[in-house]
Amino acid sequence: MGYLLTKKTLLIIPILVFIPFSFQFYLRLSWEQTLSIGADNLLFCFIGMWASFVANAYYQKNKLVADVELQNKLLTHYSAEIEKMTLLEERNRMSKELHDTLGHSFISLILSLDASITLMDSKPAEAKDRLIRLRTLAEKNLDEMRNIVHEMGEEEESSLIRQVESLVDRFREHTGTALTLSLPATERPIRFEVRQAILRVIQESFTNALKHGKASQLHLELKLSESNLQLSVRNNGKPIDKLNYGFGLTTMKHRVERLGGSLHLSSGEGTPVITEVRCEIPLKGMRPHVEN
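For the sequence shown, our numbering gives the first residue as 155, with consecutive numbering after it.
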């Protein structure tokens, strides 16, 4: 019965019980009548207390049910919003991935097709040979697109160094650009998102160097440590008067920053190295980039 007792009931019970005794003399009640009235008052008091307890418990139960329903609605809404955001983020991620890959592939194809068109009249045999190789490149690009779609949701531990070497070999073959490499002798496992970010940075850097800088020589340097990954792509193209981030570079920058890394461009006249793209991504304790 302890849960029925409160400060109010502790005051009311003695008053109701002793009221009959207080008026016993004035009402000329016998002791039996007085005790009976006191017992009745005590009984009614406990009945009232019990009814109040039941009503309060019912109210609290309904309030708790309402709170739970509200929380469930909020959680359902929150889950729907999270799912919507996740799907939107995944869609944006895939669209950027496809854009980066398609852009690089089409630039390579266009450059090679331009060269083939130039050779059509003077050197038809060489032009035909180039077109055959371009068909092979198109098939490889199709395979790469399929691999990207397949790997988007996977954490496959592929070799970044082998992927970089393959990308560079194809670029050399189809553009004829002089390209030197400096790669680490050993490699450590690197997550899919990091590998893809680095490959897209390399592709965009190569494409911009040829398309905008008209570069004839490029140098790629990749460094790996226990804590971070560093990439540098330099070229001898024409200087850039105003360094700005177009759509491709903005996509690269956002991709790297989401992994907790940074991307910088530098350009200067009168030096062998006209333009450099530098990228650094942490491999331990990565902190996600928060956009304001």
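Beta carbons: idealized from backbone N, C-alpha and C, even for Gly. Fair warning: this is a prediction, and the values are worked out from it, not measured in the lab.
So what's R345 in DSSP terms, helix, strand or just coil? coil
For D283, count neighbouring Cβ atoms within 10 angstroms of its own Cβ and tell me buried if that reaches 16, exposed if not. exposed
Are at least three pairs of beta-carbons, each pair with one atom in the stretch 410-424 and one in the stretch 328-343, less than 8 angstroms apart? In short, these stretches do not touch, since the Cβ pair count stays below three.
Distance, L288 Cα to E327 Cα: 10 angstroms
If you reduce the DSSP assignment to three classes, tell me which class H366 lands in. H366 falls in the coil class under three-state DSSP.
Since E434 is in the beta strand (DSSP E), which residue starts that stretch and which ends it? 429-436
Own chain, CB closer than 8 angstroms to N210, minus 5 neighbours either side, in chain order: none
Would the stretch 409-419 and the stretch 314-322 be scored as touching if the rule is three or more Cβ pairs under 8 angstroms? Contact fails: fewer than three Cβ-Cβ distances are below 8 angstroms.
Straight-line CA distance for S379 to R388? 21 angstroms
Determine the contact status of T334 and L265, defining contact as a CB-CB distance below 9 angstroms. no
Go ahead and label H258 buried or exposed: buried means 16 or more other beta carbons lie within 10 angstroms of its beta carbon, across all protein chains shown. H258 is buried by the Cβ-count criterion.
CA-to-CA distance, K227 to I435, given in whole angstroms: 40 angstroms
Name, in chain order, the residues that DSSP records as bridge partners for K377. Q384
When we look at the beta-carbon of G202 and count the other beta-carbons within 10 Å, is it buried (16 or more) or exposed? exposed
Check A205 in the structure and name its three-state DSSP category. helix
Compute the Euclidean distance between the alpha carbons of S313 and L267, then round it to the nearest angstrom. 31 angstroms
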